[in-house]
Structure formats: structure tokens, C-alpha cells
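Structure first, commentary second.
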Amino acid sequence: MSIFSYLLPKKQSTASVAKERLQIIVARERSTRGGPDYLPQLQEELLQVVRKYVPVDQDAVNIQLDRESGCEILELNITLPEG
Amino acid sequence: MTKIVVVTSGKGGVGKTTTSAALATGLALRGFKTTVIDFDVGLRNLDLIMGCERRVVYDLVNVINGDANIKQALIKDKKVDNLFILPASQTRDKDALTQEGVEGVFNALRNDMQMDYIICDSPAGIEKGALMAAYFADEAVVVTNPEVSSVRDSDRMIGILASKTRHAEQGEGDIPARLLLTRYSPERVEKGEMLSVEDVQEILAIELLGVVPESQAVLNASNAGSPVILDIDSDAGQAYSDAVARFLGDNIPHRFTTVNKKGLLGRLFGG
Ligand SMILES: Nc1ncnc2c1ncn2[C@@H]1O[C@H](COP(=O)(O)OP(=O)(O)OP(=O)(O)O)[C@@H](O)[C@H]1O
Ligand SMILES: [Mg+2]
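So the protein sequences, as listed, match chains A and B.
For the first sequence, the numbering used here begins at 582 and goes up steadily by one.
For the second sequence, the numbering used here begins at 815 and goes up steadily by one.
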């Protein structure tokens, strides 16, 4: 770093952006980890059912498994197209 | 007791084969009878890095299929005692790797060949080849580059290691998995352009086995077909030697993680 970089306004470094993004995505992916093996297939089949009625994107069906004090919560999010 | 070690990463091209070659060579140099197995079926490469490509006759799939026994298939290293290479086959049929077949190869290496260490060079990805390389492992080395996609894939692989190994399935708990951060550039870290070793460790939360700097010595070594750990004057070679020492339980400080400090003038005007 040269003396001039101290005079410039401090911009967030790309490394710290990378770290923040990683922390978020890794936390999300860990939350479904160790879940039952049928989750991806369940997601795929749900998507097919939804598509019978509404045209939705490939990533429109989102499944998340959360564990809270001894009970498991299957959280299902379906994003419908606007309009 | 034979120890099976998988060198894995999820993401491709991060340095698994370079690391497998260095780790196996380093263990053999310390007197441990070691075999390094290329699990990258269809994309054999370890033979080139080890410099034995012209001596390949049989491969892993030949042994699994019974075309050759383990003694016939193992290639004895010319430079280092106690070191053996079992190449991957060039067939594209990944189904050739069966769990029973792979177990048979490990049993032969353990019982007939009396290996101390078996190093498994995993293919990229999280498909069958990678799972097979990891399944029987007693220990894992997770090779990661300081870069978002590599770190994310390593995290997935750490998750897989925690559930999809034989030890895990038999309820014996997670196998020890340690992080080897490679292609590290302290200069870029200092400039805020690259994730630091602390950043990666904080995210992955596993023990750090070593940091290998980005180094020209690695390409020189692969050009020559001589594992970089044998280049004892190089930074990468020394970093791998340190990692082998830590692998065996030595507690030595990490090197090559900081920029060589410049003088005051350099700090004022340097780039
Ligand atoms: N520390 C390093 N410094 C510079 N280059 C490196 C370093 N480590 C690995 N490389 C280079 O990166 C490339 C990939 O390395 P390598 O083949 O070991 O990766 P890999 O994880 O086995 O790849 P694949 O997933 O395809 O099997 C090679 O060209 C190698 O020379
Ligand atoms: Mg490789």
C-alpha cells in the first residue's frame, strides 16, 4: 500500500465482500445438510405439481428443513409469477 | 495399522493431485510405506505428476476386476523408497468403481503389502468417484483455494465427509478432516483482494493443516514429473514438508502466510 491510498476514501475490500457472501450461503446450505435424502426429489416433484397449474421457474420451489428443540420444521416456499 | 487418507475438495483444479503426490512422497521420505491411488477414473493424471507415466501397465480398475493383482499393478517409485503408485484407469466407465472392489484393493494393500498409509487422490465433484475415494477414509485433507467457489464446495465436502464415510455410517463419528489452503498469495491478502487464511478457517471451522503459497515451483515440478515436496529449496516444497510434519502430529508454526516486510521507504512508496 502506498501513502496515497491512505488519502482515498476507504472502499470495502473485495475479500471482505467475499467473506460476507460466503458466511451467508454456507449457513444456508448447512441448514439443509444432514436432512433426509428425499428432499431434492420432493422438491422436484412439488415443482412438477405446481407447474401443472402455474408456469413457474426451476427455482420457484424452495425447501428448508429447520430443527428446533427436538422437532423438525419443513419450510416450503413457492414463488408465483407476478400478475 | 494402515491409515487411509482422502485428499478431496469438491471443486476441481484446486491442487488435490499436487497435494496427494506431495503428501505421499513426504510420508514415504519419513519411512512410512505409502501408496498413493488415483481415483480420477477416466482422467488419469497422478502418474504424470509422480513421473511414472511410462511405467503404467495395470490400473485400479484392473485390480478391482481381477485382471491383475495388487503386486503387479503397484508402481514402485524410482526416487523415493517406500513409495508406490496405483494409477487410475483411462476407461470412462465410472461404474467400474464398486464399493466391494475398492474395499478389496484396500484390504490387499493392508494385508498383502503392509502399507502404513494409503493416500486417495479424489476426483473433483461430489459424484460417485469422489464418494468412493472418501468412503473408507480414516482421515481427510480438504484442499481449498482462497476463493468463494472453492470454499463453498469445501464446506459441502466437509458435510459429506461427516455423513457418507464408513466410519460415519457405522456410528463411529466424523473422521478428522483438516484444511490445506493452497495457491495462497499473502500480497493479495494484504491488499484485501483475497480471503485470508483466518477468513477461510473461520468459515470452514476445521483444523488448519497448512498453507501452500502460489508458487512457480509447482509448475516446474509437474513439468519434471517430480513431486514439489522434493524441491526442498522452494516455498511450496517447504510448505508441503511442514504440512506433512503437522499431519504426523508435529506442532510447528505456519510459514509463507505473510508478506516479507519491506523497509519504511518501501512501505511509503511501494505498491
Ligand atoms: N501452490 C500452487 N501454486 C501454483 N500453482 C498450483 C499450486 N497448486 C496447484 N497448482 C496448479 O493448479 C493446477 C491444478 O492442480 P491439480 O491438478 O493438483 O488440481 P486437482 O485438484 O487435482 O485438479 P482436478 O480436480 O482436475 O483433479 C495445476 O496446473 C497445478 O500446477
Ligand atoms: Mg487431480
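All C-beta atoms in this analysis are idealised placements derived from N, C-alpha and C, irrespective of residue type, glycine included.
Keep in mind the model is a prediction, meaning the values are calculated, not measured.
In the displayed model, F950/B falls within coil according to three-state DSSP, outside both helix and strand. If you check the C-beta of K942/B against ligand 2, you find no heavy atom less than 6 Å away.
Here Q624/A is not near V635/A, since their CB atoms are 7 Å or more apart.
Inter-residue distance for D852/B and L897/B is about 14 Å (C-alpha atoms, whole angstroms).
At least one CB of chain A lies nearer than 7 Å to the CB of L1009/B.
As the crow flies, the alpha-carbon of K893/B is around 14 Å from that of T848/B. Chain B has a Cβ within less than 7 Å of the Cβ of V607/A. E1028/B places its beta carbon less than 7 Å from that of S999/B. Restricted to the segment 970–1046 of chain B, the alpha helix (DSSP H) segments that are unbroken, complete and at least 4 residues in length are 980–983, 1000–1004, 1011–1018, 1030–1038, listed in chain order. About 14 Å separates the CB atoms of V1032/B and L837/B; that is not less than 8 Å, and the two are not in contact.
Inter-segment contact for the segment 865–877 of chain B and the segment 961–979 of chain B is absent: fewer than three beta-carbon pairs are separated by less than 8 Å. Sorting S903/B, L945/B, N1037/B, D952/B by C-alpha distance to the C-alpha of K978/B places L945/B at the top. Counting the other Cβ atoms within 10 Å of the Cβ of Q1052/B gives 16 or more, which makes it buried. Each residue's CA atom was taken as its position, placing N879/B and D861/B some 20 Å apart.
The nearest non-hydrogen atom of ligand 1 is less than 6 Å from the C-beta of T831/B. Of all residues in the segment 834–854 of chain B, none places a beta-carbon less than 8 Å from a beta-carbon of chain A. Nearest in C-alpha terms to S823/B, of all of I974/B, E986/B, A1038/B, E1007/B, is I974/B. At a cut-off of 7 Å between beta carbons, D1013/B contacts chain A.
For ligand 1, no non-hydrogen atom lies closer than 6 Å to the CB of G840/B. Proximity of the segment 827–844 of chain B to the segment 1034–1047 of chain B meets the contact definition, three or more beta-carbon pairs being nearer than 8 Å.
Just measuring C-alpha positions, the residue of V955/B, I989/B, E1016/B sitting nearest T832/B is V955/B. Of all alpha-carbon atoms in I1020/B, E914/B, E1001/B, S968/B, the one lying nearest the alpha-carbon of Y949/B is that of E914/B. If you check the CB distance, V855/B and S834/B do not come in under 7 Å. Not one beta carbon of chain A lies nearer than 7 Å to the beta carbon of G939/B.
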